[in-house]
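In numbering that gives the first Met the number 0, the protein residues as written are 0 to 164.
Quick reminder that beta carbons are idealized off the backbone N, C-alpha and C, glycines included.
Treat the numbers as computed from the prediction; the structure is a model and nothing was measured.
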Amino acid sequence: MKLTYRGVSHDYTPPAVEPMGEGTQGKYRGLDWRFRNLRHPFVQQATLDLKYRGVAYRTGPVTPLAPEVVAPVAPVARQVAPQAEPTPALSMSVPAMAVRSAHEEARLLMMGHHRSIKNREQSLLSRSAAEVGLAADVTQFWNHIQGKVHPSFRATYDRSHAAMS
0 MKLTYRGVSH DYTPPAVEPM GEGTQGKYRG LDWRFRNLRH PFVQQATLDL
50 KYRGVAYRTG PVTPLAPEVV APVAPVARQV APQAEPTPAL SMSVPAMAVR
100 SAHEEARLLM MGHHRSIKNR EQSLLSRSAA EVGLAADVTQ FWNHIQGKVH
150 PSFRATYDRS HAAMS
């Protein structure tokens, strides 16, 4: 079948579909039902270079790359001036990404949660002050709640999923 889209023509050949035999019947919730399933369900394979979490992959068969043919180069002798040894501070390699421990990760998550609670309470305080008519900048007056706070307060203080709608 010849298809054209925005000036680009291509020849499309649909895949052959084999349905199951006519004798496949059954009951679904007490009613007679004919099943019209495919014998071999067609799954179109992606031919694109896909990327998942920054890692490129391909779902189709992997085609090995042909090695490049490079003409041999004759070695050239040249004189190299002696260089001073690098200082230890400059030659140290820095790891690309430091691995955090579970304790450090939990600490960072708790700090982020605490920061989001503080920002939420601060915006509530600012809106309340504006509604009442205070002219003072209330962002300077935020303090922690004095006294005892129940340990389950943090677990239940998050916004609900309904608040996002």
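Beta-carbon proximity of residue i to residue j, cut-off 7 Å
{"i": "valine 174", "j": "leucine 124", "result": "Residue 174 lies beyond the residue range present for the chain, which begins at 0 and ends at 164; the question has no answer from this structure."}
C-alpha distance - residue i paired with residue j, whole-angstrom precision
{"i": "glutamate 193", "j": "alanine 55", "result": "There is simply no residue 193 to check, as the chain begins at 0 and stops at 164 in what is shown."}
{"i": "tyrosine 11", "j": "glutamate 120", "result": "59 Å"}
{"i": "alanine 128", "j": "alanine 134", "result": "8 Å"}
{"i": "leucine 30", "j": "glycine 111", "result": "55 Å"}
{"i": "valine 7", "j": "lysine 117", "result": "56 Å"}
{"i": "glycine 25", "j": "histidine 113", "result": "57 Å"}
{"i": "tyrosine 4", "j": "proline 13", "result": "17 Å"}
{"i": "alanine 15", "j": "methionine 0", "result": "14 Å"}
{"i": "valine 165", "j": "leucine 108", "result": "Residue 165 is absent from the structure shown; the chain starts at 0 and stops at 164."}
{"i": "threonine 155", "j": "histidine 102", "result": "22 Å"}
{"i": "glutamine 139", "j": "arginine 126", "result": "14 Å"}
{"i": "arginine 28", "j": "serine 115", "result": "50 Å"}
{"i": "serine 100", "j": "leucine 2", "result": "56 Å"}
{"i": "glycine 132", "j": "leucine 49", "result": "55 Å"}
{"i": "histidine 9", "j": "tyrosine 51", "result": "29 Å"}
{"i": "arginine 106", "j": "glutamate 130", "result": "36 Å"}
is_contact[residue i, chain D] using C-beta, thresh 7 Å
{"i": "arginine 28", "result": "The chain inventory of the structure shown lacks chain D, comprising one protein chain alone."}
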